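Enquirer: Quick one: structure below, then a few questions.
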């Protein structure tokens with residue numbers, strides 16, 4: 001490769017959305033002939049999003065975590081009876097309807113926000129689960145908010161708080177790919193039988 | 001375009017950049033300086049106010065979010081819980097330097113409005129985001145318990 005073409009390639013690579021390169025498309029799995037195996041592989045690709053800190057931080061067993069290293073939330077907060085923090089210190093004490101850019105003091109570039117903002121219910125906790133266990137949980141209406149697979153697709157593809165994961169504000173790495181692509185993967189996973197990885 | 005809201009029962013309107021933190025509007029535009037700046041990143045609680053009856057860190061609240069809302073600051077805090085908290089605060093001299101205390105009182109009042117007889121755990125959970133550099137935490141907790149007892153009658 002010439003120096004010129006290498007530089008063009010590097011420029012294009014840098015110009016393209018980095019996150020969009022991190023998630024493969026459903027078509028990339030068409031070479032897997034066995035449908036169940038293809039479905040499980042599609043879910044493993046979805047798992048890149050499901051196990052990303054942008055998602056896991058608010059799908060804890062107990063208190064939420066923060067940052068790409070998933071450190072304990074600061075200031076300390078609790079889940080609370082309504083998954084909305086403690087009386088006197090709810091999630092919305094600090095989190096507004098939109099991300100809020102700070103001056104960057106203390107290395108905190110923005111306070112994340114969305115309407116609504118709360119933890120996922122405890123039955124939807126994913127932290128410390130294997131991908132197969134998360135998959136089984138997602139398919140179980142007892143543990144997925146009573147959703148059918150179609151409703152699950154709608155949640156993944158269109159829910160605003162899920163979508164926040166790709167627009168997390170300054171100082172946070174977005175979830176891989178895009179919500180549209182995540183929705184397409186979910187669609188393909190369901191259409192191939194919603195198989196779970198072992 | 002002016003942004004209108006109610007502060008301590010009075011209709012107010014300001015014409016500032018919609019991204020301006022509510023804290024700066026309260027302090028610089030409306031001269032309500034009881035609400036303090038501590039960190040600017042919702043880590044310390046010194047800027048706590050009540051927005052539509054809920055605690056809110058005003059340093060990370062864009063004024064655009066306040067449109068049509070009902071804001072209470074330490075200057076306008078009133079009601080049985082607020083009175084009991086302030087009396088309890090005075091009775092055992094909770095403040096040392098006092099800088100964080102308006103935020104502490106705003107949160108403590110909100111807690112008592114929601115839980116009449118809070119446990120130590122309730123208090124710790126509610127107050128965890130209100131930092132006191134003088135470490136008056138033991139007196140804060142005691143004063144909240146005292147205020148709760150007062151409210152029991």
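Protein chains in written order, with this note's numbering: chain R, 1 to 198; chain B, 1 to 153.
Ideal Cβ positions, reconstructed from N, Cα and C, are used throughout, including at glycine.
It should be emphasised that the depicted structure is a prediction, and the values quoted were computed from it without experimental measurement.
Within 8 Å of any Cβ in chain R, is that where the Cβ of residue 122/B sits?
Expert: On the second chain, position 122 is the one that residue 122/B refers to. Chain R, which has a Cβ nearer than 8 Å to the Cβ of residue 122/B, makes this yes.
Enquirer: What are the start and end residues of the alpha helix (DSSP H) that includes residue 162/R?
Expert: Within the first chain, numbered from 1, the residue matching residue 162/R stands at position 162. 160 to 164 is the extent of the alpha helix (DSSP H) around residue 162/R.
Enquirer: Please report the distance separating the alpha-carbon of residue 163/B from that of residue 190/R.
Expert: Look at the range of chain B in this structure, 1 to 153, and you will see that residue 163/B is not part of it.
Enquirer: Closer than 7 Å between beta carbons: that is the criterion. Which residues of the region 129 to 149 of chain B meet it against chain R?
Expert: So the close ones are 129.
Enquirer: Decide yes or no for the touch test of the region 45 to 52 of chain B against the region 172 to 179 of chain R: beta carbon pairs closer than 8 Å, at least 3 of them.
Expert: The answer is no - the region 172 to 179 of chain R does not touch the region 45 to 52 of chain B, with fewer than three Cβ pairs under 8 Å.
Enquirer: Could you tell me which of 81/B, 125/B and 122/B sits nearest to residue 153/B, measuring between CA atoms?
Expert: Here residue 153/B refers to the residue found at position 153 when the second chain is read from its first residue. For the residues 81/B, 125/B and 122/B, the minimum Cα distance to residue 153/B belongs to 81/B.
Enquirer: Consider the C-beta atom of residue 24/B and the heavy atoms of the ligand PLP; say whether any pair is separated by less than 7 Å.
Expert: Absent from the structure shown: the ligand PLP. Ligands present: none.
Enquirer: Applying the criterion that 16 or more other CB atoms from any shown protein chain within 10 Å of the CB defines a buried residue, is residue 116/R buried or exposed?
Expert: Within the first chain, residue 116/R is the residue found at index 116, counting from 1. Burial call: exposed.
Enquirer: Measure from the alpha carbon of residue 229/B to the alpha carbon of each residue in 134/B, 132/B, 137/B and 113/B, then state which is nearest.
Expert: Outside the modelled stretch of chain B, which goes from 1 to 153, sits residue 229/B, for which no answer is possible.
Enquirer: How would you label residue 125/B, buried or exposed, when you count the other beta carbons within 10 angstroms and need 16 or more for buried?
Expert: Numbered from its first residue, the second chain carries residue 125/B at position 125. When all chains shown are included, residue 125/B counts as buried.
Enquirer: Quick check: is the beta carbon of residue 122/R nearer than 8 Å to any beta carbon in chain B?
Expert: The count along the first chain starts at 1 and reaches residue 122/R at position 122. Not one chain B Cβ lies under 8 Å of residue 122/R.
Enquirer: Could you tell me whether the Cβ of residue 99/R comes closer than 8 Å to any Cβ of chain B?
Expert: Translated into the one-based positions of the first chain, residue 99/R becomes position 99. No, residue 99/R does not count as interfacial toward chain B.
Enquirer: Closer than 9 Å, Cβ to any Cβ of chain B: which residues of the region 70 to 82 of chain R, in chain order?
Expert: Taking 9 Å as the Cβ-Cβ cut-off against chain B, the residues of the region 70 to 82 of chain R that qualify are 74, 75, 76, 77, 78 and 80.
Enquirer: Exposed or buried, which one is residue 61/R when buried takes at least 16 other CB atoms within 10 Å?
Expert: Residue 61/R sits at position 61 when you count from the first residue of the first chain. The residue in question, residue 61/R, is exposed, as its Cβ has fewer than 16 Cβ neighbours within 10 Å.
Enquirer: Can you check which of these residues, 1/B, 110/B and 141/B, is closest to residue 18/B by C-alpha distance?
Expert: Position 18 of the second chain holds residue 18/B. Nearest option by C-alpha distance: 1/B.
Enquirer: Can you look up residue 204/R in the DSSP assignment and give me helix, strand or coil?
Expert: Nothing can be reported for residue 204/R, as the shown portion of chain R is limited to 1 through 198.
Enquirer: According to DSSP, simplified to helix, strand and coil, what is residue 26/B?
Expert: For this step, residue 26/B is matched to residue 26 along the second chain. Helix at residue 26/B.
Enquirer: Is the distance from the Cβ of residue 183/R to the Cβ of residue 54/R below 8 Å?
Expert: If you number the first chain from 1, residue 183/R lands on position 183. If you number the first chain from 1, residue 54/R lands on position 54. No, the Cβ-Cβ distance between residue 183/R and residue 54/R is not below 8 Å.
Enquirer: What separation, rounded to the nearest whole angstrom, lies between the Cα atoms of residue 144/R and residue 84/R?
Expert: Translated into positions along the first chain, residue 144/R becomes position 144. Translated into positions along the first chain, residue 84/R becomes position 84. Residue 144/R and residue 84/R: Cα-Cα distance of roughly 18 Å.
Enquirer: Does DSSP put residue 90/R in a helix, a strand or coil?
Expert: By 1-based counting over the first chain, the position of residue 90/R is 90. In this structure, residue 90/R counts as strand in the three-state DSSP scheme.
Enquirer: What does residue 96/R touch in chain B if you count any residue whose Cβ is under 9 Å from its own?
Expert: Taking the first residue of the first chain as position 1, residue 96/R is located at position 96. Residues of chain B passing the Cβ test: 56, 60, 61, 62 and 65.
Enquirer: So, is the C-beta of residue 88/R closer than 8 Å to a C-beta in chain B?
Expert: Looking up residue 88/R in the first chain gives position 88. Answer yes: the Cβ-Cβ gap between residue 88/R and chain B drops below 8 Å somewhere.
Enquirer: Is the region 70 to 84 of chain B touching the region 97 to 115 of chain R in the sense that three or more CB pairs, one from each, lie closer than 8 Å?
Expert: Too few Cβ pairs lie closer than 8 Å, so no.
Enquirer: Just to confirm, are residue 87/R and residue 111/B a CB contact at a threshold of 8 Å?
Expert: By one-based count along the first chain, residue 87/R stands at place 87. By one-based count along the second chain, residue 111/B stands at place 111. Cβ atoms of residue 87/R and residue 111/B: closer than 8 Å.
Enquirer: Buried or exposed for residue 81/R, please, with buried defined as at least 16 other CB atoms from any protein chain shown within 10 angstroms of its CB.
Expert: Translated into the one-based positions of the first chain, residue 81/R becomes position 81. Under this definition residue 81/R is an exposed residue.
Enquirer: DSSP puts residue 7/B in a beta bridge; with which residues?
Expert: By one-based count along the second chain, residue 7/B stands at place 7. 10/B and 71/B, per the DSSP bridge assignment.
Enquirer: Using Cβ-Cβ distances below 7 Å, what residues of the region 40 to 56 of chain B are close to chain R?
Expert: If the cut-off is 7 Å between Cβ atoms, the region 40 to 56 of chain B has 40, 41, 42, 43, 54, 55 and 56 near chain R.
Enquirer: Please compile the residues from chain R whose C-beta is within a distance smaller than 8 Å of the C-beta of residue 114/B.
Expert: Within the second chain, numbered from 1, the residue matching residue 114/B stands at position 114. Ordered by position in chain R, the residues that pass the 8 Å Cβ test against residue 114/B are 87 and 88.
Enquirer: Check this for me: beta carbons of residue 24/R and residue 45/R, under 8 Å apart or not?
Expert: On the first chain, position 24 is the one that residue 24/R refers to. On the first chain, position 45 is the one that residue 45/R refers to. Yes, these two residues count as a Cβ contact at 8 Å.
Enquirer: What are the boundary residues of the alpha helix (DSSP H) that residue 145/B is part of?
Expert: Counting from one through the second chain, the residue named residue 145/B turns up at place 145. Taken as a continuous stretch (DSSP letters only), the alpha helix (DSSP H) holding residue 145/B covers 137 to 152.
Enquirer: So is residue 110/B in contact with chain R if we call contact Cβ pairs under 8 Å?
Expert: For the purposes of this step, residue 110/B is taken as residue 110 along the second chain, with counting starting at 1. Interface residue, yes.
Enquirer: Tell me which residue opens and which closes the beta strand (DSSP E) that residue 175/B is part of.
Expert: Since the first residue of chain B shown is 1 and the last is 153, residue 175/B is not available in this structure.
Enquirer: What residue ranges within the region 47 to 76 of chain R form continuous beta strand (DSSP E) runs of no fewer than 3 residues, ordered along the chain?
Expert: Here no run is fully enclosed.
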